[in-house]
Structure formats: C-alpha cells, structure tokens
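K.L.:
Got a structure for you, written out below as structure tokens; questions coming shortly.
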Amino acid sequence: MHATTETWSPTTLALVDDEHDRRNASDGYSRYGAYLKQRPTRFHEYDQAEKPLPRQEFAAAAWEVATSPVMSPGYVEIRPDLRAIAPTFADDEVGLVVDVHVSLHHYDLRAARDIPLGWQDWEMERHYLSPYAYYLEPGSKRPAVLTTTVVRLVVDGSWGLPPQEHTSGHGLVDDAKRAVTALAAGINRHAGPIVAALRGEQ
C-alpha cells in the first residue's frame, strides 16, 4: 500500500499513483505495464491483434489489471474500507456500470435495534497508513448480520473515457493509464458523496 493518511478523504475512493508505478518499474517505465504485457490478448479484438477495443471495454479491462488481486498494491488503489470497486456490463444494454461495494455496520441500519444481542458484525482492522479500516468477516462461531450496499454508477459520455489507440508497447500502457485515471475520477466524483453520506461523513 502506498496511499497515506493525508491522501484519503470522505469522497476519495480510488487513487492512481503514477510516481509509485514508475519508481517500482522493473523496466524503468511502468510496473503496471509489466502486468499489461502479460495479457496481450486481453487488449485487442478477438483474432485481430491490431484492432483496439471500444472505450468502455478497454477501460474495464485496464481497471481489472490495475487493481487487486491482479496487482497488489495496485496501480489504482481502492480505499481500505470498501469491499470492491468493480466495473461490469449491465444486462439491459446500458453498457458499462461501476459497482462500489460499501460495508455497513449494524448501527448504520434502521433495523439495528431488532438485531439480537450477540449477533456479530463486521470486524475492523486498522491500516497504519490510512484513517479508513478494512472491514473483515468475523469468525463463524456465532451468527452474524454482514451488510453490504452497492452504489451503482452508469458510465456515460460525461466520464470522458479516452479511446484505445495502441494494442501493445508503451502506447498501450499510456492508453491504459489514461483510461483508469478517467474511471477513478468519475468514481470519486459520482460515488464519493454517496459513500460519504452512507458513512455519515458528509
């Protein structure tokens, strides 16, 4: 992890650290690029090695490689208190959506007073570089109510996803960096205030 306590805020959910990426690159250019290079068929149309992907498909693929568990720490770092930030494609032809998974404690729920005494909740583990803790599943000796809400974002033209212009080399790395940076900015802009409200941090 390379984000620090001063880096996160109530509305900052995803961070891109290009300086860390370049500083830790085995090839002197990009650590992220090494992971992209390992997946050459992921970044072009099927059986057409020179044909780039559509913007949304490219951004989703680039994000998948840029985040844990593929990269750890990731080129894009997700705030510790979030379960996941996952781009996916909706079944109703909307196109790309991003699901932000937010764990909630019992006291965040209207039904909290009706949850029996002794039922377990998410456990917290502090990270030494962040004011935001990991939400961990408790042991299985007692029953639990573990609540996660999903904030779903629709990725439209206002997100400014850049086109993929290259399918290999440094050009692909630069294209992928621009794509995940645009996604991170959109996630922070649109989901950040909602997550802050859910956390009571407006």
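Here the working numbering is used: the first residue of the sequence shown is 945, the next is one more, and so on.
The beta carbon of each residue, even a glycine, is placed where N, CA and C say it ideally should be.
Just how far apart, CA to CA, sit residue 976 and residue 1064?
P.N.:
Taking the sequence shown and counting its residues from 1, the one referred to as residue 976 is at position 32. Taking the sequence shown and counting its residues from 1, the one referred to as residue 1064 is at position 120. Looking at the backbone, the Cα of residue 976 and that of residue 1064 are separated by about 39 Å.
K.L.:
Spell out the partners DSSP gives residue 1096 in its beta bridges.
P.N.:
Locating residue 1096 in the sequence shown gives position 152, counting from the first residue. 1043.
K.L.:
Who are residue 1032's beta bridge partners in DSSP?
P.N.:
Taking the sequence shown and counting its residues from 1, the one referred to as residue 1032 is at position 88. Paired residue(s): 1041.
K.L.:
If you run the structure through DSSP and keep just helix, strand and coil, what is residue 1091?
P.N.:
Here residue 1091 refers to the residue found at position 147 when the sequence shown is read from its first residue. It is a strand residue.
K.L.:
When the distance is taken between beta carbons, is residue 1003 closer than 7 Å to residue 1127?
P.N.:
The sequence position of residue 1127 within the sequence shown is 183, counting from 1. The sequence position of residue 1003 within the sequence shown is 59, counting from 1. Taking 7 Å as the Cβ cut-off, residue 1127 and residue 1003 qualify as a contacting pair.
K.L.:
Measure the C-alpha to C-alpha separation of residue 1058 and residue 1090 and round it to an integer number of angstroms.
P.N.:
As a position in the sequence shown, residue 1058 is number 114, starting the count at 1. As a position in the sequence shown, residue 1090 is number 146, starting the count at 1. The straight-line gap from Cα to Cα measures roughly 14 Å.
K.L.:
Check residue 1112 in the structure and name its three-state DSSP category.
P.N.:
Counting from one through the sequence shown, the residue named residue 1112 turns up at place 168. Reduced to three states, the DSSP call for residue 1112 is coil.
K.L.:
In the DSSP assignment, find the unbroken beta strand (DSSP E) run with residue 1076 in it and report its ends.
P.N.:
Locating residue 1076 in the sequence shown gives position 132, counting from the first residue. Here the beta strand (DSSP E) through residue 1076 covers 1074 to 1080.
K.L.:
Using only alpha-carbon positions, find the residue among 993, 1000, 1012 that is nearest to residue 1034.
P.N.:
By 1-based counting over the sequence shown, the position of residue 1034 is 90. Nearest of 993, 1000, 1012 to residue 1034, Cα basis: 1000.
K.L.:
Report the rounded CA-to-CA distance for residue 1107 versus residue 998, giving the unit in angstroms.
P.N.:
As a first step, residue 1107 is located in the sequence shown; it is residue number 163 there, counting from the start. As a first step, residue 998 is located in the sequence shown; it is residue number 54 there, counting from the start. Their Cα atoms are separated by approximately 7 Å.
K.L.:
Quick check on the DSSP output: what are the complete beta strand (DSSP E) runs of length 3 or more inside the stretch 992 to 1033, in order along the chain?
P.N.:
Given a length threshold of 3 residues, each whole run of the beta strand (DSSP E) inside the stretch 992 to 1033 is given here in chain order: 1020 to 1022, 1026 to 1033.
K.L.:
Tell me whether the stretch 1031 to 1050 and the stretch 1063 to 1079 touch, counting them as touching only if at least three CB pairs, one residue from each stretch, are closer than 8 Å.
P.N.:
yes
K.L.:
List the endpoints of the continuous beta strand (DSSP E) containing residue 1070.
P.N.:
The residue labelled residue 1070 in the question sits at position 126 within the sequence shown. Residues 1067 to 1071.
K.L.:
Look at the Cβ atom of residue 1129, then the Cβ atom of residue 957, and state whether they are nearer than 7 Å.
P.N.:
Along the sequence shown, read from residue 1 onward, the residue named residue 1129 stands at position 185. Along the sequence shown, read from residue 1 onward, the residue named residue 957 stands at position 13. Not in contact: residue 1129 and residue 957 (Cβ atoms no closer than 7 Å).
K.L.:
Compute the beta-carbon to beta-carbon distance between residue 1024 and residue 1007, rounded to the nearest angstrom, for a pair I have assumed lies under 8 Å.
P.N.:
Translated into positions along the sequence shown, residue 1024 becomes position 80. Translated into positions along the sequence shown, residue 1007 becomes position 63. Not quite, the Cβ-Cβ distance comes to about 18 Å (not below 8 Å), so this is no contact.
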